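Asks: Dropping a structure here in structure tokens format, bear with me for questions.
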Amino acid sequence: MSELFETQNADIETVLLVGVLIRGEEEWRVKDTMDELAQLVESAGAEVKGRFLCRQQKIKAGHYIGTGKAEEIADWIKENRVSMVVFDDDLTPAQGRNLERVLEVRVLDRTQLILDIFAQRAQTKEGCLQVELAQHQYLLPRLRRMWTHLERQKGGIGLRGPGETQLEMDRRRIEDLIRTIKRDLGLVRTRRAEQRRGRKRHGWALVSIVGYTNAGKSTLLNRLSGADIFAENQLFATLDPTTRQVELPNHEPMLMTDTVGFIQKLPHHLVDSFKATLEEVVEADLIVHVVDAAHPQVETQIDAVHTVLDEIGALDKPMLYVFNKIDQEKGRNAAKRLARLHPRSVAVSALEGEGIDRLFDELADCLKGRKTTLRLSIPLSEGKLIAALQKSASILEQDYEGGNAALLVRVGPQLATQCKAFVAE
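Quick note, the numbering used here runs 8 ahead of the 1-based positions in the sequence shown.
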């Protein structure tokens, strides 16, 4: 049995979405990921003209959905003149090629669509490198099936076919490119690590904003920092990480980094490719998890973010939940319910500014344990340490008499260690 849902909008690039409901799967979950797929298509600049939901016992090896379903879709395509079909799951190259023969239009899978959006949105050199790495890692295991139409019998002198020759050439070329990109990204990671060490020496708190894509992360960072980061109501509106300095109510600075958004069915190699960016999350003192409280599948989105955080080893970091979009009634109601499940949380409207003052207070409370208040007596001969304190610590009291600096300071862990020998009794 198949279900066809059609919309009336038309554009130059029109798309038909295809999802598969395997026996035993929850129908609402499949339809939810197809709703997200529709948003991805719109983010890529195309328009969804229809949806096709196939119900079947198992995935078909040849065409993914079986020839009968493929022919049914082909008839609908001819009547409605769509230019592309996007599947909600990954296809093998053979399945994609077989489907294109039957449907007579371009066929993409979910990962290809995400990679296309990433390629459009990446602006920095680092972002472009990460996207290029993900693209090549996606392509490499699919090479063999892409060249099966040229293969001959393998082995022996004179028996090697052009398909195998071309396959090996392409594989070596892509593997060389992957090694080059990984080396360049290694340099990026080294530079980021040096920057983080510099920030820690200054005693700044490092805070990473994570969340489902389109939850309002960039809008929140703009609201907290007064920055003007691009924010749009679409998936993956911003891809490159952005760091801004934010001052807390106690006048202590922190650095907040907005990271790439997460989605359901986020391919593993995409997470692996963006490790240089996601390391900001792993090294953070606090994770701010922004949640779109107005979304109908808010719990599913929270679980999807937790899955990625667990994969990168950051799920056990201190976390503050920010339930966003309470300017919408359903968002406000959901935030009240979710707050009972996640006590360390704040309900806000990043767009309207509601709840931001309380968020500042919660951030200060979450980070207050990072710094220690010390009364110090430091000889003036320790000029380097005194200068470091003046630059990076919060000096509450100071008095310079008798060849010593008598200071009452709040310092981070690294400076506290350096000051240990000069703590006054």
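Glycine included, every Cβ here is placed at the ideal spot set by N, Cα and C. Model, not experiment: these values are computed from the prediction.
1. Measure the alpha-carbon distance for V215 versus A82 and round it to whole angstroms.
2. How would you call V23, buried or exposed, if buried means at least 16 neighbouring beta carbons within 10 angstroms?
3. Under the rule that 16 or more other beta-carbon atoms within 10 Å means buried, what is K133, buried or exposed?
4. Taking contact to mean at least 3 C-beta pairs separated by less than 8 Å, is the region 331-351 in contact with the region 299-309?
5. The alpha helix (DSSP H) that contains E5, what's its start and end?
6. Helix, strand or coil: how does DSSP classify H144 here?
7. Assign A358 to one of two classes, buried (16 or more other C-beta atoms within 10 Å of its C-beta) or exposed (fewer than that).
8. Determine which residues share a DSSP beta bridge with K68 and list them.
9. Look at the Cβ atom of K254, then the Cβ atom of S233, and state whether they are nearer than 8 Å.
10. Could you tell me the distance, in whole angstroms, from the CA atom of V94 to the CA atom of Q47?
11. Let's see if you can read the secondary structure: which residues bound the beta strand (DSSP E) around T22?
12. Would you decide whether I386 is buried or exposed? Buried here means 16 or more other CB atoms lie within 10 Å of its CB.
13. Would you mind sorting T404 into buried or exposed? The rule is 16 or more other CB atoms within 10 Å of its CB.
14. Once DSSP output is grouped into helix, strand and coil, what is the label at P387?
15. If we count the other Cβ atoms within 10 Å of its Cβ and call it buried at 16 or more, is H259 buried or exposed?
16. Can you name the residues that DSSP bridges to M262?
17. By how many angstroms is the C-alpha of R59 removed from the C-alpha of L111?
18. Starting from the Cα of L323, find the closest Cα among I310, E390, K333 and give me that residue.
19. If you drop the 5 nearest sequence neighbours on each side, which residues of the same chain put their C-beta closer than 8 Å to that of E35?
20. Checking the sheet assignment: what are the DSSP bridge partners for H297?
21. On a Cα-Cα basis, can you pick out the residue from D266, R179, R204 that is closest to N222?
22. Would you say the region 369-383 touches the region 312-323, given that touching needs at least three Cβ pairs under 8 Å?
23. Taking the CB atoms as reference points, tell me whether H297 and V268 lie closer together than 8 Å.
24. Straight-line CA distance for E159 to L147?
25. Expressed to the nearest angstrom, what Euclidean distance is found between the alpha-carbon atoms of S91 and Q143?
26. Apart from the five residues just before and just after C136, which ones in its own chain have a Cβ nearer than 6 Å to its Cβ?
Replies: Reading it off the structure:
1. 50 Å
2. buried
3. exposed
4. yes
5. In this structure the chain extends from 9 to 433, so residue 5 is not present and cannot be described.
6. helix
7. buried
8. Y72
9. In the sequence as presented, Lys is not what sits at residue 254; that position holds Val. Their beta carbons are under 8 Å apart, which means V254 touches S233 by this criterion.
10. 12 Å
11. 22-30
12. buried
13. The identity of residue 404 in the sequence shown is Leu, whereas the question assumes Thr. L404 comes out exposed.
14. strand
15. exposed
16. A213, V254
17. 15 Å
18. I310
19. L29
20. V218, Y329
21. D266
22. no
23. no
24. At E159, the pLDDT of 44 sits below 50, so the modelled position is not reliable and the matter cannot be decided from this model.
25. 23 Å
26. A130
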